[in-house]
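A.B. asks: Heads up: the sequence lines are chains G and Z, in that order. Residue 98 in our numbering sits at position 98 of the first sequence, and the numbers go up by one each step. Just remember that our numbering sits 1000 ahead of the position in the second sequence, which is counted from 1.
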Amino acid sequence: MRLSLLLNETTPVPAALRGTMPDPTVQRRGVDPRGPRFGALVTAFVLAVVLATLWWPLLAVQAVVFASGAAGRSPYAPAWKTLRSRLGLAAPSELEDPRPLRFAQVVGLAFAVVGLLGVGTPVFTVAVAGALAAAFLNGAFGLCLGCELYLTYLKTSLTLTRRSTV
Amino acid sequence: MLTVVLVLLTTSVVGLAWRARQGKVHTVTSQDALAHEVRALGAELGERATLVEFSSAFCAPCRATRTLLHHLAETEPGVVHVEVDAESHLELGRRLDVRKTPTTLVLDREGREVRRATGAPRKADVLAALPA
Chain G
1 MRLSLLLNET TPVPAALRGT MPDPTVQRRG VDPRGPRFGA LVTAFVLAVV LATLWWPLLA
61 VQAVVFASGA AGRSPYAPAW KTLRSRLGLA APSELEDPRP LRFAQVVGLA FAVVGLLGVG
121 TPVFTVAVAG ALAAAFLNGA FGLCLGCELY LTYLKTSLTL TRRSTV
Chain Z
1001 MLTVVLVLLT TSVVGLAWRA RQGKVHTVTS QDALAHEVRA LGAELGERAT LVEFSSAFCA
1061 PCRATRTLLH HLAETEPGVV HVEVDAESHL ELGRRLDVRK TPTTLVLDRE GREVRRATGA
1121 PRKADVLAAL PA
């Protein structure tokens, strides 16, 4: 009941921000919050292997995964659905806004790209360690740093567009 | 390998500290009265307290917070619950330094912020934070 109300509630996007953000009418569908947590645990595992072996091609693969997530097509989403039905888990009781999650994937992608640019230097280790910390925090504790940044990002882009138009 | 262990250990400490802090109610030193802002949101200040909740549509802890604050407003005399969508009130959120959802501000009868909680607060904590 309450959920249907929320689904119909279209949060007006400030005119200044249009075009810089995904279309809210398309993005309004929620996702099962356990899906991204599962994805974060897999990501943390992959990044831990990268950090232990310093094998950069695996980070390149992870970068592609981050990019797919940023585009709203995380390969872990269908994987989670299969796992959920295998384990006989119930459908989600609450849904989560996909926009902060996608923003977090963009942040992850940035870390992966910086790491790849710094292969062979300490930059690689620092970037991978940072991404691993963020993925582990999300997977193990439910603290999604990239999602926390989303509101900050919205506010900053609002300020910037205001400034540039004034 | 050692690096991996170090990163995971440090992160676990941060994660546990974050969990412990979630929903804790903090005392806020006196601010400007927010009576005007509350009225702009189409509500009136409560005679005893006003619970201003910044939330966003699909945030799971926001749902729990909304239910709790709504319940408190119904059971506690003179307490009003005002819900604000953080995304459509970015300006207000920035002015009040709201960085994440849910954030709950407890206003006294004059509309001054006296307490603040980030994350889903516990019922007992909100009750204790209400001005007498």
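A virtual CB, placed ideally from N, CA and C, is assigned to each residue, including glycine.
Check whether the stretch 1059-1071 of chain Z touches the stretch 1031-1049 of chain Z, counting contact only when three or more Cβ pairs, one atom from each stretch, lie closer than 8 angstroms.
C.D. replies: no
A.B. asks: Using the Cα positions of Leu-1051/Z and Leu-1008/Z, report the straight-line distance between them to the nearest angstrom.
C.D. replies: The sequence position of residue 1051/Z within the second sequence is 51, counting from 1. The sequence position of residue 1008/Z within the second sequence is 8, counting from 1. Those two C-alpha atoms are separated by around 38 angstroms.
A.B. asks: Which residue's Cα is closest to the Cα of Lys-155/G: Arg-1094/Z, Thr-1103/Z, Pro-1102/Z?
C.D. replies: Translated into the one-based positions of the first sequence, residue 155/G becomes position 155. When each option's Cα is compared against that of Lys-155/G, the closest is Arg-1094/Z.
A.B. asks: Quick one: using the 10 Å Cβ neighbour count with 16 as the cut-off for buried, is Ser-85/G buried or exposed?
C.D. replies: One-based indexing of the first sequence puts residue 85/G at position 85. Ser-85/G sits exposed, since fewer than 16 C-beta atoms from the chains shown fall within 10 Å of its C-beta.
A.B. asks: Under 8 angstroms, Cβ to Cβ, is there at least one residue of chain G near Ala-1128/Z?
C.D. replies: For the purposes of this step, residue 1128/Z is taken as the residue at position 128 of the second sequence. It does not; no Cβ of chain G falls within 8 angstroms.
A.B. asks: Less than 8 angstroms between the CB atoms is what I'm expecting for Thr-1101/Z and Phe-1054/Z, so what's the real figure, rounded?
C.D. replies: Here residue 1101/Z is taken as the residue at index 101 of the second sequence, counted from 1. Here residue 1054/Z is taken as the residue at index 54 of the second sequence, counted from 1. Confirmed, about 6 angstroms.
A.B. asks: Take the Cβ of Thr-1103/Z as the centre, count every other Cβ of all protein chains shown within 10 Å, and call the residue buried at 16 or more, exposed below.
C.D. replies: On the second sequence, residue 1103/Z is found 103 positions in, with the first residue counted as 1. The residue is buried, with at least 16 neighbouring Cβ atoms inside 10 Å.
A.B. asks: Would you list, in chain order, the members of the stretch 112-140 of chain G that have their beta-carbon closer than 7 angstroms to a beta-carbon of chain Z?
C.D. replies: Sequence-ordered contacts of the stretch 112-140 of chain G with chain Z read Thr-125, Ala-129, Leu-132, Ala-133, Phe-136, Leu-137, Ala-140 [C-beta pairs closer than 7 angstroms].
A.B. asks: Buried or exposed for Asp-1097/Z, please, with buried defined as at least 16 other CB atoms from any protein chain shown within 10 angstroms of its CB.
C.D. replies: For the purposes of this step, residue 1097/Z is identified with residue 97 of the second sequence, where counting begins at 1. Under this definition Asp-1097/Z is an exposed residue.
A.B. asks: Please name the residue in Thr-1118/Z, Ser-1088/Z, Thr-1010/Z, Arg-1109/Z whose C-alpha comes closest to that of Pro-1131/Z.
C.D. replies: For the purposes of this step, residue 1131/Z is identified with residue 131 of the second sequence, where counting begins at 1. Closest option to Pro-1131/Z, Cα to Cα, is Arg-1109/Z.
A.B. asks: Along the stretch 1032-1059 of chain Z, where does the CB come closer than 8 angstroms to a CB of chain G? Name the residues.
C.D. replies: Ser-1056, Ala-1057, Phe-1058, Cys-1059
A.B. asks: The alpha helix (DSSP H) that contains Arg-1066/Z, what's its start and end?
C.D. replies: Reading the second sequence from its first residue, position 66 is the one you call residue 1066/Z. Element bounds for Arg-1066/Z: 1060-1075.
A.B. asks: Could you tell me the alpha carbon to alpha carbon distance between Ala-140/G and Glu-1047/Z, rounded to whole angstroms?
C.D. replies: Here the question's residue 140/G lines up with position 140 in the first sequence. Here the question's residue 1047/Z lines up with position 47 in the second sequence. Taking the straight line joining both Cα atoms gives about 43 angstroms.
A.B. asks: Helix, strand or coil for Val-1082/Z per DSSP?
C.D. replies: The count along the second sequence starts at 1 and reaches residue 1082/Z at position 82. Of the three classes helix, strand and coil, the one that applies to Val-1082/Z here is strand, per DSSP.
A.B. asks: Name the two residues that bound the continuous beta strand (DSSP E) containing Thr-82/G.
C.D. replies: Translated into positions along the first sequence, residue 82/G becomes position 82. Premise fails: Thr-82/G lies in the alpha helix (DSSP H), 76-87, not in any beta strand (DSSP E).
A.B. asks: Ala-48/G touches chain Z at which residues, Cβ-Cβ below 7 angstroms?
C.D. replies: Within the first sequence, the letter at position 48 stands for residue 48/G. Here the neighbours are Val-1004.
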